[in-house]
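Residue numbers (our numbering), protein chains in the order written: chain A, 2 to 430; chain B, 2 to 430; chain C, 2 to 430; chain D, 2 to 430. Note that beta-carbon positions come from the ideal geometry of N, C-alpha and C, so glycine has one too. The block underneath contains the structure these notes are about, expressed in structure tokens.
There are 4 protein chains.
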Amino acid sequence: MTNETSTPTDIFSRRESEARSYCRSFPTRFARAKGSELWDDQGRRYIDFLAGCSSLNYGHNDPDMQAALVEHIQADGITHGLDMFTDTKAKFLQAVEDIILKPRDMDYKVMMTGPTGTNAVEAAMKLARKITGRRNIIAFTNGFHGMTMGALSCTGNSGKRAGAGTPLCGTTHMPFEGAFGDDVDSLSLIEQMLDNSSSGVDAPAAFIIEPVQGEGGLNAASTEFMQGVARLAQKHGALLIADDIQAGCGRTGTFFSFEEMGIEPDLIPMAKSFSGMGLPFAALLLKPELDIWKPAEHNGTFRGNTHAFVTARVALEKFWKDDTFQKELAEKAVLLTSGLQSVAEAVPGAKLKGRGLMQGVDVGSGELAGDICARCFEKGLIIETSGADDEVVKVLAPLTTSSELMQEGLGILLEATIEATQSSKMAAE
Amino acid sequence: MTNETSTPTDIFSRRESEARSYCRSFPTRFARAKGSELWDDQGRRYIDFLAGCSSLNYGHNDPDMQAALVEHIQADGITHGLDMFTDTKAKFLQAVEDIILKPRDMDYKVMMTGPTGTNAVEAAMKLARKITGRRNIIAFTNGFHGMTMGALSCTGNSGKRAGAGTPLCGTTHMPFEGAFGDDVDSLSLIEQMLDNSSSGVDAPAAFIIEPVQGEGGLNAASTEFMQGVARLAQKHGALLIADDIQAGCGRTGTFFSFEEMGIEPDLIPMAKSFSGMGLPFAALLLKPELDIWKPAEHNGTFRGNTHAFVTARVALEKFWKDDTFQKELAEKAVLLTSGLQSVAEAVPGAKLKGRGLMQGVDVGSGELAGDICARCFEKGLIIETSGADDEVVKVLAPLTTSSELMQEGLGILLEATIEATQSSKMAAE
Amino acid sequence: MTNETSTPTDIFSRRESEARSYCRSFPTRFARAKGSELWDDQGRRYIDFLAGCSSLNYGHNDPDMQAALVEHIQADGITHGLDMFTDTKAKFLQAVEDIILKPRDMDYKVMMTGPTGTNAVEAAMKLARKITGRRNIIAFTNGFHGMTMGALSCTGNSGKRAGAGTPLCGTTHMPFEGAFGDDVDSLSLIEQMLDNSSSGVDAPAAFIIEPVQGEGGLNAASTEFMQGVARLAQKHGALLIADDIQAGCGRTGTFFSFEEMGIEPDLIPMAKSFSGMGLPFAALLLKPELDIWKPAEHNGTFRGNTHAFVTARVALEKFWKDDTFQKELAEKAVLLTSGLQSVAEAVPGAKLKGRGLMQGVDVGSGELAGDICARCFEKGLIIETSGADDEVVKVLAPLTTSSELMQEGLGILLEATIEATQSSKMAAE
Amino acid sequence: MTNETSTPTDIFSRRESEARSYCRSFPTRFARAKGSELWDDQGRRYIDFLAGCSSLNYGHNDPDMQAALVEHIQADGITHGLDMFTDTKAKFLQAVEDIILKPRDMDYKVMMTGPTGTNAVEAAMKLARKITGRRNIIAFTNGFHGMTMGALSCTGNSGKRAGAGTPLCGTTHMPFEGAFGDDVDSLSLIEQMLDNSSSGVDAPAAFIIEPVQGEGGLNAASTEFMQGVARLAQKHGALLIADDIQAGCGRTGTFFSFEEMGIEPDLIPMAKSFSGMGLPFAALLLKPELDIWKPAEHNGTFRGNTHAFVTARVALEKFWKDDTFQKELAEKAVLLTSGLQSVAEAVPGAKLKGRGLMQGVDVGSGELAGDICARCFEKGLIIETSGADDEVVKVLAPLTTSSELMQEGLGILLEATIEATQSSKMAAE
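Now the structure itself:
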């Protein structure tokens with residue numbers, strides 16, 4: 002820890018709840034950020050391979066978003082407007098329609114939920130249950146969908162579930178693709194459970210799935226698996242909720258993580274990078290025929306963050322109007338894969354996880370992964386772990402990271418991995 | 002409706018979910034806002050007696066907050082930092098300590114929850130259950146605490162509860178003060194239920210109460226009632242959660258709505274005006290000895306909105322450093338009471354509700370109240386209803402509203418009330 | 002304790018679960034029973050004022066029931082027939098129709114549930130929820146309906162509820178008549194809670210109520226209260242479940258405890274004395290139009306105990322064919338009231354509870370009541386307590402108890418009460 | 002249907018709930034039964050291959066049990082004694098200790114639950130949750146454990162679950178051995194789900210399993226599977242509940258169905274044939290160290306059916322004092338297997354299910370199985386189906402059935418099967 006944060010009378014120790022977490026891995030005070038770099042209050046520079054857990058896909062403080070937001074503020078644009086109509090919201094919705102939906106031949110409405118991913122997930126769960134008259138929602142092993150009581154019931158992590166202080170209800174957890182190893186066909190198991198009228202698994206209101214599981218260890222579902230889940234949902238009268246909160250907004254190489262998979266989710270919770278600039282913002286995309294909400298049936302004070310409408314619109318216009326950005330992502334993904342292969346080779350038994358700009362290395366143990374990340378931080382790289390046992394070192398760099406910075410960061414990661422692996426071997430001997 | 006919003010091909014009709022609601026009462030596009038006034042895209046001016054449902058206690062676009070936020074943005078200050086340490090957060094916490102806690106002799110820690118009131122409530126519920134090992138949370142008739150599955154189970158409104166699409170669990174709803182008329186002592190009933198070991202009401206983990214029920218009809222608990230609830234909580238080993246999301250931040254005349262009541266809530270969810278400027282932001286204040294959270298046991302991507310740290314700090318420094326603002330609030334409350342008395346006199350059987358700058362008039366029917374608000378809108382005043390049957394016309398003007406504007410708004414309200422009452426009488430005849 | 006039961010190697014200590022309870026109050030081995038008397042294996046005689054908690058309304062081993070049952074057995078009559086048609090069942094149903102339903106102008110069908118009261122209650126709860134599509138069942142303070150998960154959720158006793166080891170769900174507990182003292186109108190409170198659409202009390206599937214609460218302290222609902230509950234149920238689209246398991250079969254002076262109240266419950270769980278002889282047997286009476294069960298939708302191996310069909314039929318034919326028995330009950334109730342008044346007078350502050358042959362004395366404390374019962378046992382009378390704090394000494398003598406035996410038992414009770422009260426005074430001094 | 006039951010004014014149509022079921026398959030009135038035969042009121046004889054769903058393992062009206070019961074009744078023995086001590090209960094417990102526990106080197110206590118299997122299961126669930134402080138109970142596909150709310154949540158059948166009218170909670174359903182075909186190792190899947198701390202499957206309070214699934218289709222778990230479940234339970238701190246309600250009391254060839262498997266279940270619900278004669282009776286065997294029940298923490302009026310104590314003791318003494326009966330069972334099982342093989346050969350694709358005297362034939366469709374059973378009834382054989390789709394023709398003849406009767410019954414079954422199969426083929430052509 003730096004001097005600033007280590008004294009017992011420190012303002013954070015005194016006044017911020019013990020629930021705080023990332024600050025424990027990165028014990029310094031950050032003061033400034035631009036693109037893929039952060040600086041702490043001592044002026045020390047860090048490369049950011051965490052990017053707000055994929056909330057900063059376009060990097061910190063994109064100048065165009067900054068400019069638009071400052072202009073909006075200085076013009077006394079609406080800051081908070083509940084869910085009233087504003088020009089700002091109209092322009093955002095128009096951008097969603099023109100830039101995201103039409104080119105992809107998608108027809109969805111946008112529900113402004115409370116500005117958190119968990120709130121969009123809760124809205125999706127409520128709607129699926131209302132529509133089907135069923136309660137059971139099928140979630141997947143290692144899935145993460147949020148921390149409020151509904152979304153938490155879909156989340157797999159036992160520590161987070163225990164935080165509820167009371168049993169969670171109304172969901173069935175099924176194996177994600179590959180959860181039982183390569184030899185076991187998860188989809189077939191799920192289908193057999195649902196087809197058996199005496200399985201004890203109640204007819205589902207919905208399936209909720211992350212096409213790439215971010216917190217769960219960068220498990221990337223194949224097209225076959227996603228299509229299979231979509232087929233099962235349809236067969237059993239359930240909705241398909243594709244939670245693209247972490248994997249969406251270009252993270253896997255396309256705007257939606259599933260858009261090349263030939264499926265049409267019924268409900269798509271979006272958050273994290275959807276605002277473009279890291280502002281709190283979430284929404285639920287829903288097929289128009291499912292929009293049976295009564296006015297305010299799900300509401301919330303901060304639904305429709307107007308500042309976020311401004312930056313989200315700029316993000317869409319700047320990065321998604323044509324395929325330039327998407328092509329760059331493909332190139333960067335190759336770079337990342339290549340760099341991570343070197344990292345994986347440095348750890349016996351390690352293997353690559355994820356896809357696109359959402360990749361990492363499973364180093365086999367949470368202890369080693371934690372040591373690697375700690376050494377990275379010492380060397381000026383911010384990077385975190387994921388997975389049930391924190392065993393995956395996960396790269397979530399801004400999608401806008403330059404090749405040079407990407408290489409620099411990967412170099413630090415490789416160095417830290419080699420050191421940590423050697424240290425681990427020595428400790429074992 | 003204006004031309005912009007009435008066409009079937011309108012972007013909002015096409016792309017925004019039917020869950021939208023306030024836009025239905027105020028069918029125009031808002032473009033600009035300052036202080037207590039909004040302007041739509043046709044340049045039409047509206048006085049704001051809604052204030053983002055008490056999220057804009059300091060008015061729209063306070064110039065000092067604007068300036069500080071713009072400066073922060075232009076200096077590449079952190080926009081999104083998960084829950085890492087930042088100078089911005091340190092300054093905010095210091096301001097909370099110096100300006101809010103110390104002068105009130107309060108000792109609380111701040112938990113940065115997801116930036117919605119409902120998320121802070123969920124965190125409070127989880128913590129109370131973890132601490133006590135019990136599940137039952139006692140909520141009150143007409144209470145409103147949010148729309149995610151946990152908070153919704155504490156919310157009274159049957160329409161909102163039905164939105165869950167599945168039964169809600171784990172709470173017991175008890176009568177708020179006066180719920181059964183003046184002759185029945187709600188507190189005594191609750192005490193008898195809890196004292197009877199065969200009542201079927203399980204030992205509570207917590208009581209959750211709004212000192213003034215905002216959505217429930219501006220029901221203001223007396224000091225005696227709040228002290229009684231605090232005593233019952235202590236007697237039965239339960240925590241006291243004072244939900245000050247709508248009534249806090251000066252709305253009732255003091256920073257906390259309960260601060261002159263001689264009680265010390267264990268947990269205090271804050272949101273709405275806590276950011277100062279209407280930015281999404283929420284927090285849970287908790288007594289230090291209750292801070293048993295493990296790191297990230299309740300987390301969320303947008304916990305700790307850095308932009309909100311900036312504006313929230315300015316709000317505390319500008320309005321709460323001394324008692325000037327609080328004294329002004331007392332004067333304005335008198336003005337408001339006086340104006341609303343005139344309104345009440347215009348409606349047979351009407352009565353005043355609420356306290357401080359959170360007052361309204363129960364006009365006896367939701368139909369009449371709705372007509373009054375619709376007429377106000379036509380006349381350039383934005384105002385809404387609350388209550389189980391929407392029977393209360395509720396004034397939630399910015400606390401910074403000048404006397405002149407307050408008078409102007411109250412004048413419109415009186416005019417609309419007289420017209421609506423007459424129209425109602427004529428319809429009845 | 003007798004020698005037989007006090008040794009550590011005793012078969013009961015070794016092999017019967019600690020869940021056993023009545024044997025703790027009456028620590029001897031019973032060997033024989035007839036009418037209202039029991040004898041232990043030492044030949045000691047006891048008067049029975051417990052009667053299997055109202056399961057032996059016609060006394061032990063009624064000779065006509067014995068004879069019919071022995072004849073059935075010796076003729077190789079069906080002992081166990083699942084729910085197949087038998088002559089025995091036909092005769093039982095015919096007796097129910099002819100002797101119970103027709104004379105009372107009641108039209109009900111009989112559902113053979115598992116042979117326990119709790120099973121009949123579970124069937125009623127399931128059916129009410131199926132019919133209404135709602136989950137919430139309104140139960141009452143101090144109610145007791147059984148110990149399986151569904152029925153237990155309707156039961157008030159906190160110790161029994163805690164036995165579930167997990168939170169109970171799906172019920173709302175409302176105050177029984179007089180629960181808050183004579184000044185508070187429970188019915189009005191319930192009505193206000195249900196009429197308030199923001200009370201947080203979900204629309205009920207059913208009300209479940211014991212017309213006289215047996216375990217809860219012999220609280221007898223008035224006709225007005227029962228009619229009020231019936232009216233509320235109808236008003237809110239809920240079913241009325243009158244749990245007559247303990248109070249039925251003549252215990253209050255009429256076959257059904259509510260039959261002179263002018264109400265028509267939708268569902269009537271019956272058990273305890275319904276078999277006549279104390280054999281395990283239960284049934285759910287249901288209005289024909291509510292009989293939407295699919296075959297075996299609620300089933301159970303022992304539904305329709307054929308031995309019980311035999312004895313139940315004899316009981317109906319012997320005691321209920323005309324009004325002779327009912328008239329005797331009225332006379333005995335006067336005798337009982339008179340005797341208990343003397344008992345009550347012996348204890349300062351004591352008061353009578355209950356009605357008909359289901360009366361007792363609230364002596365103010367469970368300790369005193371327990372002492373009285375223990376002294377009764379020493380003197381040859383078996384009698385137990387009830388109430389939330391076991392504060393009521395409860396007389397549940399067989400309805401067939403002769404005046405002489407009743408007087409003898411009441412005499413013992415008076416004597417024990419005087420002694421216990423004096424002992425209690427001396428201890429206090 | 003016979004004349005007696007087909008008229009609309011029939012007493013059963015008028016007065017017995019539509020929930021009745023077996024009477025629909027066997028539409029006649031039964032009047033008398035002895036051993037493995039029943040006679041209806043027209044004097045028609047039926048061979049009983051259903052035996053009260055394994056409640057009549059010792060046949061109808063065993064003469065020794067009849068005699069003992071008649072003697073008990075005529076001597077004014079206790080009929081109903083709540084859970085007081087009686088000589089009758091002592092003798093029963095002594096027989097359990099001497100004849101069942103000691104020879105098998107088992108140490109269990111007996112909890113007298115309500116006299117239904119579902120009640121014993123509820124008691125087991127409650128105790129497991131109390132002991133572990135956890136809620137999740139792992140049940141298996143195709144499992145059947147009862148119809149009250151707790152037991153029903155462990156039951157797989159969707160029709161029966163739907164009967165609850167409300168979602169069921171607190172259980173996780175895992176695949177039984179072979180549920181996903183021979184290639185998938187169910188045990189390994191379960192272990193992986195439990196070992197993965199992010200699977201979303203909460204730590205279990207207990208596993209509940211039928212060693213042979215009676216209602217679920219005569220699925221017999223192997224020793225390896227049962228040992229695996231026992232090992233998983235121990236590894237994860239959960240109790241093992243072996244539900245031997247249908248498979249126990251000699252049905253599989255030994256007293257307990259699992260006694261040759263080298264496992265020691267923590268809790269063993271018993272019912273059905275435990276009373277010997279088909280009287281309502283159930284109990285929970287529990288390891289002494291788990292007997293943490295407080296007095297009456299789980300209770301019920303009819304716990305400890307005294308008549309059943311009498312017949313149950315006779316059954317133990319008559320059939321289990323030495324290994325004669327068990328040896329006979331082994332021989333009869335061979336006979337049964339052989340007969341069913343002939344049946345299976347008559348149906349293309351059919352296969353044998355179950356073990357011991359609990360075997361049947363999976364004929365591939367519920368329609369065919371139903372037709373076979375209907376034809377059997379016409380020919381004087383009572384036999385039923387089981388399985389998720391009622392696709393298994395199930396033989397549950399009394400264990401005491403003579404070889405001649407067994408052959409006769411199997412002959413009818415073969416004949417009916419051949420006819421039904423041909424009829425099915427003709428219909429298909």
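- Query: If you drop the 5 nearest sequence neighbours on each side, which residues of the same chain put their C-beta closer than 6 Å to that of Leu57 of chain A?
  - Reply: Gly279 and Pro399
- Neighbourhood of Ala203 of chain D by C-beta distance below 6 Å, restricted to the same chain and skipping five residues each side: The sequence shown places Asp at residue 203 of chain D, rather than the Ala named in the question. Cβ neighbours of Asp203 of chain D beyond the five flanking positions: Asn137.
- Message: Please confirm whether Trp321 of chain A has its beta-carbon closer than 9 Å to some beta-carbon of chain B.
- Response: no
- Message: Counting C-beta neighbours from all protein chains within 10 Å, is the total for Ile139 of chain D 16 or more, i.e. buried, or is it exposed?
- Response: buried
- Task: For the beta strand (DSSP E) holding Gly355 of chain B, just list the boundary residues, first then last.
- Result: Lys352 to Arg356
- How should Gly144 of chain D be labelled, buried or exposed, when 16 other C-beta atoms within 10 angstroms of its C-beta is the threshold for buried? buried
- When the cut-off is 9 Å and only beta carbons count, does Thr253 of chain A lie next to chain D? no
- What in chain B is Cβ-close to Leu57 of chain A, meaning under 9 Å? Thr80 and His81
- Query: Which ranges does the beta strand (DSSP E) cover as unbroken runs of at least 3 residues, wholly within the region 4-64 of chain D, from first to last along the chain?
  - Reply: 31-35, 38-41 and 46-49
- Query: Taking all protein chains shown into account, do 16 or more other C-beta atoms lie within 10 angstroms of the C-beta of Ala222 of chain C, making it buried, or fewer, making it exposed?
  - Reply: buried
- Item | Contact set between Met148 of chain A and chain B, taken where Cβ atoms lie within less than 7 Å | His299, Asn300 and Gly301
- Would you call Gln75 of chain A buried or exposed, if buried means 16 or more other Cβ atoms sit within 10 Å of its Cβ? exposed
- Is the distance from the Cβ of Gly301 of chain B to the Cβ of Thr114 of chain B below 9 Å? yes
- Message: Since Pro116 of chain A and Phe31 of chain B should fall inside the 8 Å C-beta cutoff, what is the C-beta to C-beta distance between them, to a whole number of angstroms?
- Response: So it is not a contact: roughly 19 Å between Cβ atoms.
- Output the distance between the C-alpha atoms of Glu192 of chain B and Phe259 of chain B, rounded to the nearest integer angstrom. 21 Å
- Message: Please report the straight-line C-alpha distance between Glu261 of chain D and Asn306 of chain C, rounded to a whole angstrom.
- Response: 34 Å
- Which class does Gln342 of chain C belong to by DSSP, given the choice of helix, strand or coil? helix
- Query: What in chain D is Cβ-close to Val97 of chain C, meaning under 8 Å?
  - Reply: Arg16
- Query: So is Lys90 of chain C buried or exposed if we call it buried at 16+ other beta carbons inside 10 Å?
  - Reply: buried
- Environment of Asp245 of chain A [buried if 16+ CB atoms lie within 10 Å]: buried
- Under 8 Å Cβ-Cβ, which residues of chain C neighbour Phe226 of chain B? Those within 8 Å of Phe226 of chain B in chain C number zero; the least Cβ separation is about 17 Å.
- Query: Any idea which residues DSSP pairs Ile100 of chain D with across the strands?
  - Reply: Answer by DSSP bridge pairing: none, since Ile100 of chain D is not bridged.
- Message: Measuring alpha carbon to alpha carbon, tell me which residue in C:Asp196, C:Thr156, C:His308 and C:Arg252 is nearest Gly78 of chain C.
- Response: C:His308
- Query: Quick one: what's got a C-beta closer than 6 Å to Asp435 of chain B's C-beta in the same chain, skipping five residues either side?
  - Reply: With chain B represented from 2 up to 430, any question about residue 435 of chain B goes unanswered, as that position is not in the structure.
- Pick out whichever of A:Glu72, A:Val394, A:Asp196 and A:Pro28 has its Cα sitting closest to the Cα of Asp41 of chain A. A:Pro28
- Message: Rounded to whole angstroms, what is the Cα-Cα separation between Ser366 of chain A and Asp391 of chain A?
- Response: 7 Å
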